[in-house]
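Numbering of the sequence shown is given in numbering that gives the first Met the number 0, commencing with residue 0 and proceeding in unit increments.
We treat Cβ as the ideally placed atom computed from N, Cα and C, and that holds for glycine.
These numbers were taken from a predicted model, which means no experiment stands behind them.
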Amino acid sequence: MKKIDFSIVLYNDHTNRLTFFTGLDFLWLILWVILVLVIANYIRVRNKNKEHYKFFMLNLYFKLAFSLIFCLYFIFFIRGGDTIAYFDTSRVLTNLLFKHPEYYFAEWPAFMDQVDYVGHFSQETGFPPKWIAREEEGYFVSKIFSLLNIFTGSSYLANNVITAFLMSLASFRLYDFFVSFGLHDTKKLAIYFLFIPSIAFWCSGFSKDVIAITCLYYMIPTAYNFITIKKERKIWNIFLILLLSIILFKIRPFMLLVIFIPFLFLINFLFLKTYFKSKFTQRIIWLLFVFISLGIMQNYLTRGTGQKYLNEIKITQTDFKNNQIYTGAKYDIGDFNSTLSGLLKATPISLVSGIYRPLLWEALSPGLILNGIESVILIYLTAIFFMKKRSLKIERIQRSGILIFSFYFVMLFAYVAGYTSVIFGLLVRIRAPLLPIFIALITVKPEVGKIEEKAATEVTI
Numbered sequence: 000m001k002k003i004d005f006s007i008v009l010y011n012d013h014t015n016r017l018t019f020f021t022g023l024d025f026l027w028l029i030l031w032v033i034l035v036l037v038i039a040n041y042i043r044v045r046n047k048n049k050e051h052y053k054f055f056m057l058n059l060y061f062k063l064a065f066s067l068i069f070c071l072y073f074i075f076f077i078r079g080g081d082t083i084a085y086f087d088t089s090r091v092l093t094n095l096l097f098k099h100p101e102y103y104f105a106e107w108p109a110f111m112d113q114v115d116y117v118g119h120f121s122q123e124t125g126f127p128p129k130w131i132a133r134e135e136e137g138y139f140v141s142k143i144f145s146l147l148n149i150f151t152g153s154s155y156l157a158n159n160v161i162t163a164f165l166m167s168l169a170s171f172r173l174y175d176f177f178v179s180f181g182l183h184d185t186k187k188l189a190i191y192f193l194f195i196p197s198i199a200f201w202c203s204g205f206s207k208d209v210i211a212i213t214c215l216y217y218m219i220p221t222a223y224n225f226i227t228i229k230k231e232r233k234i235w236n237i238f239l240i241l242l243l244s245i246i247l248f249k250i251r252p253f254m255l256l257v258i259f260i261p262f263l264f265l266i267n268f269l270f271l272k273t274y275f276k277s278k279f280t281q282r283i284i285w286l287l288f289v290f291i292s293l294g295i296m297q298n299y300l301t302r303g304t305g306q307k308y309l310n311e312i313k314i315t316q317t318d319f320k321n322n323q324i325y326t327g328a329k330y331d332i333g334d335f336n337s338t339l340s341g342l343l344k345a346t347p348i349s350l351v352s353g354i355y356r357p358l359l360w361e362a363l364s365p366g367l368i369l370n371g372i373e374s375v376i377l378i379y380l381t382a383i384f385f386m387k388k389r390s391l392k393i394e395r396i397q398r399s400g401i402l403i404f405s406f407y408f409v410m411l412f413a414y415v416a417g418y419t420s421v422i423f424g425l426l427v428r429i430r431a432p433l434l435p436i437f438i439a440l441i442t443v444k445p446e447v448g449k450i451e452e453k454a455a456t457e458v459t460i
């Protein structure tokens, strides 16, 4: 049995010696844990008049605990992986910043798709892992994390405390946003929304996912309020939306699409609600909007960029299925052609895969077992939604702008995740951001009567 070295992991062809458990690492860890707890408690105290903020600290503890598990899993069980590669690259970039600042800033806009990329690096700074330097998204993530190293002494453990804190803030921001509409039981929503183990595990640690989900969860409330509330249309909010969009475009480009299209449906909903009182007229215009959207999609998918993108997806799917490099449990959605009709035929299996899979019997491994258990809970909550006062819940969703947005967001996000992932290990990370929003849909309260949203009187198109 191989002896585990508690002080280092050798990575990047053994050219970079990565330390994790030195005295200095623990010192930085303790410092940041204390600092994060002080900041978090200050936020909680400032909002103590809001009852649902009693979950704020619990949410933070939950994310911190799973972030630590995430660290130990990749250090001792995987002994590498992308999170270690991001840390390695970020540490090398921070070394470059301290030794040659001008070269560091020159790396930010740079990306060289080369096997043996050297750039401005040397033996003095260390070299980034070869595959990171060739992956634009991974290299950009490492650049962002290199900034954290300035404040953590390049401590992997301390960096994970910061990422867990950011994730806890983002998830609670989105939870607080949904609570503000008064459409849910806040306690039940908190339990299902904030304490999802797989999200806390995959999206709280030092990874690409924590940046993507943080941007997404801040983008949704900011953009929604910007669209629906006059006083939120400020230069700062425009700047924030642009910044978050740029980061998402660099890391997970498809997330911009799955946000943009649901917001178009939201704007259409608000337009109909504001200017057309007849339900018949609203439905006719909505159908026209859907058909026009499908026509635009058909035109896009059969020409130029759209067709090229679909071909790339098919190549990636085939590579995931047949390449032995990609290990782990896989699934197959079938063989559908890259046309609008083919994509529509793939909808049922893609949606089921994107929301509910891996199912319990498909998740019999340490890295997926939590997702298997979650699939059982999601199926149970879905069954409860349809079995108890289904029509009242659906009626409430149809009247609510935020739930209209959530519905289209979940459908589109689940479709993209289920259709493109193929590997369960990738699927659970890609689809993670949609889970709380899906839960917000299926746990809505079935109250009778017309529900007015908080911003209804401030809507302008």
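At the C-beta level, serine 399 and phenylalanine 264 stay beyond 8 Å of one another.
The Cβ neighbour count for glycine 341, taken over all protein chains shown within 10 Å, is under 16; the residue is labelled exposed.
Taking 8 Å as the cut-off, the beta carbon of isoleucine 250 is found closer than this to the beta carbon of glutamate 136. Contiguous alpha helix (DSSP H) elements confined to the segment 121-170 occur at 129-133 and 135-151, taking only those with 4 or more residues. As DSSP reads the structure, isoleucine 422 sits in a beta bridge with Lys329. For glutamate 394, the enclosing alpha helix (DSSP H) has its first and last residue at 389-398. When DSSP states are grouped into helix, strand and coil, isoleucine 245 belongs to the helix group. Proline 261 and methionine 410 have their C-alpha atoms spaced approximately 9 Å apart. Within the same chain, and ignoring the five residues on either side of valine 140 in sequence, the residues whose Cβ sits closer than 7 Å to its Cβ are Tyr85, Lys207, Ile210 and Ile250. One thing to note: tyrosine 418 has its Cβ no nearer than 8 Å to the Cβ of isoleucine 354. Every unbroken stretch of the alpha helix (DSSP H) spanning 4 or more residues and falling wholly within the segment 19-62 is given here in chain order: 22-45. Setting aside the 5 residues that flank it on each side, isoleucine 348 is surrounded in the same chain by Ile332, Gly333 and Gly417, each with a C-beta closer than 8 Å to its C-beta; the list follows chain order. In this structure the segment 72-80 does not lie against the segment 214-223, because fewer than three pairs of beta carbons, one per stretch, are closer than 8 Å. When secondary structure is reduced to three states using DSSP, valine 375 falls in the helix class. In this structure the segment 162-180 does not touch the segment 120-127; the number of beta carbon pairs closer than 8 Å is below three. The C-alpha of glutamate 50 lies about 13 Å from the C-alpha of methionine 56. Closest in C-alpha terms to phenylalanine 404, from the list Arg430, Phe259, Phe54 and Thr273, comes Phe259.
Distance from the CA atom of lysine 392 to the CA atom of valine 421, rounded to whole angstroms, is 33 Å. In this structure, DSSP gives tryptophan 360 a helical state, which the three-state scheme calls helix. Assigned with DSSP and collapsed to three states, arginine 282 falls in helix. Note that the C-beta distance between alanine 413 and leucine 367 is not below 8 Å.
Following the DSSP letters along the chain, one finds arginine 90 inside the alpha helix (DSSP H) bounded by residues 80-98. For the 8 Å CB-CB criterion, glutamate 373 and serine 197 form a contact.
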